[in-house]
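The working numbering applies: residue 1154 is where the sequence shown begins, and numbers increase by one. We put the beta carbon where it would ideally sit given N, CA and C, even for glycine.
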Amino acid sequence: MPQITRSSSAPASPAAPAVRHGLDTTVATVRGDGSASASATPARRWRLVDALRGFALCGILFANAPFLLGIGEGLSPDDFAGQLSSSTGSGLLGVLVEQRFVPIFCFLFGLSFQLIVLSARRRGTSPWLPLALRLVALLGIGLVHALVFPGDVLREYAVAGLVLLPVVLLAPRWLTAALGAVLTIVAFAVLGGGVVTVPGLLLLGSAAASYGLPTVLERPGRSVVAVFVTALLASVAGTVAQVAGGPEAAFGAVGASTGLVVAVTYATGLALLWRTRTRRLLAAAFEPLGRMALTNYLAASVVLTLVALASPGLGWSTMTSYLPMVVASAALLTMQSLLSRLWLRHFSYGPVEWAWRSVTWRRLAPMRGGVL
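What follows is the structure, encoded as structure tokens:
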């Protein structure tokens, strides 16, 4: 993640956009010499943001695993529906995982837009081309990934990002936040979730970065506690309504809206735990996953697809228990966390992140000790 810097005395480059008031003063680190150059400044990572991304990746894998393993594909529609209604694992997946983690992932993707903008300012260049290249590259990655997993979300992120790029780069942050809030409310509470939630969450993430949310979450105060308590109460009420309403509620506006408030509960809860003694454990488990989130997301799809193909004797397609899927997913995530930690001891980026970054800035990124 880029170190966020600002110039205290040097004039802005003609190629760089004007500084949006409040952005750099809330989430920036001032260079002592006032220079906008990125070459001499070490990277500054928001470690909690990395951990949140890794945490969200875990939930997304558990949500995607039944599809990647082909669970239920060999059952008739009636038998599969009966499995869903009677399976404890499916019920827990519905109230704890499904639609609960993708909002976090999408929001953080929007937040990363502003980090690229600030990185471009440090370099004295316009953010338009880097962001456009980054999104086009993501679209290509998503199209390839969709060959393995048709439920890929990267394509939607890329297309929405390209469409919303003028808003992100030109609109005042209050307008970006307001538009994001309206789109998010309509998408979740009226349209019932799905791909339509992406634009609003991207805008909210971008606006949140402009208002200094990473700093707020790294040092949570009473406002974060208040949001957590409010979201927790709303999550309990929404979950009760979702369970009572059955499949119609779960796959409609009730389930989608509940998923959003549960996502807020998870994110703020993790931020509060980050300030306790559990931080070391949380960082060890989730931070490596988050720093290599794109690599791990793609690798998980390939690995679980190969597991399903290599073990037909396990009967994944007619399986009525989610326990083997949970065990396989947990084992994979544990392995990915350990391998990511080992990789990051030697390299600055994951392999896919390195390629993505190189395309973004149109030059090969340094794999060891590079400045983000």
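For the pair A1311 and L1425, the Cα-to-Cα distance works out to about 31 Å. Pairwise C-beta distances place the stretch 1403 to 1413 in contact with the stretch 1242 to 1260, as three or more of them are shorter than 8 Å. The straight-line gap separating the alpha-carbon atoms of F1266 and V1321 is approximately 8 Å. In this structure, L1222 places its C-beta atom within 8 Å of the C-beta atom of M1478. It is roughly 6 Å from the alpha-carbon of F1215 to the alpha-carbon of S1482. Contact between G1345 and A1406 holds, since their C-beta atoms are separated by about 5 Å, short of 8 Å. Around the C-beta of G1212, 16 or more other C-beta atoms lie within 10 Å, and the residue is accordingly described as buried. Counting of Cβ neighbours within 10 angstroms places E1401 among the exposed residues, the total staying below 16. With at least 16 other beta carbons inside 10 angstroms of its own, W1509 counts as buried. The alpha carbon of G1304 has as its nearest neighbour, out of Y1450, A1360, G1399 and G1207, the alpha carbon of Y1450.
Sequence-distant partners of A1484 (beyond 5 residues in either direction) whose C-beta falls short of 8 Å from its own C-beta are missing from its chain. Using a Cβ distance threshold of 8 Å, P1504 and T1448 count as a contacting pair.
With a cut-off of 8 Å on Cβ pairs, the stretch 1196 to 1208 is in contact with the stretch 1361 to 1374, counting three or more such pairs.
Annotation for L1292: R1308, A1311 and V1312 place their beta carbon closer than 7 Å to its own, counting only its chain and skipping 5 residues before and after.
With the rule of 3 Cβ pairs closer than 8 Å, the stretch 1329 to 1340 counts as touching the stretch 1353 to 1363. Of the residues assessed, R1206 falls on the buried side of the cut-off, its CB having 16 or more other CB atoms within 10 angstroms. Comparing alpha-carbon positions, the option among V1297, P1219, L1497 and D1203 lying closest to T1473 turns out to be P1219.
Between S1272 and Y1475, the C-beta gap is not smaller than 8 Å, which leaves the two residues out of contact. At least 8 Å separates the beta-carbon of R1326 from that of S1376. Annotation for F1215: the continuous alpha helix (DSSP H) segment containing it runs R1200 to L1221.
Cα atoms of P1256 and A1416: separation of roughly 7 Å, rounded to the nearest angstrom. Contact annotation, A1204 with F1439: C-beta distance approximately 4 Å; criterion of less than 8 Å satisfied. Taking all protein chains in view, the Cβ of H1499 is surrounded by fewer than 16 other Cβ atoms within 10 Å, so the residue is classified as exposed.
Separation of the CB atoms of L1357 and T1337 is rounded to 6 Å, and the pair is thereby assigned contact status at 8 Å. Counting only runs of 4+ residues, the alpha helix (DSSP H) found wholly inside the stretch 1433 to 1520 occupies 1446 to 1463, 1476 to 1497 and 1504 to 1514, in chain order.
When DSSP states are grouped into helix, strand and coil, P1373 belongs to the coil group. Pairing A1384 with T1429 gives a Cβ-Cβ distance that is not under 8 Å. Note on geometry: alpha-carbon atoms of V1349 and L1386 lie some 26 Å from one another. Annotated three-state conformation of F1341 is helix, per DSSP. Nearest to R1287 by C-alpha distance, out of L1517, L1366, S1511 and R1521, is S1511.
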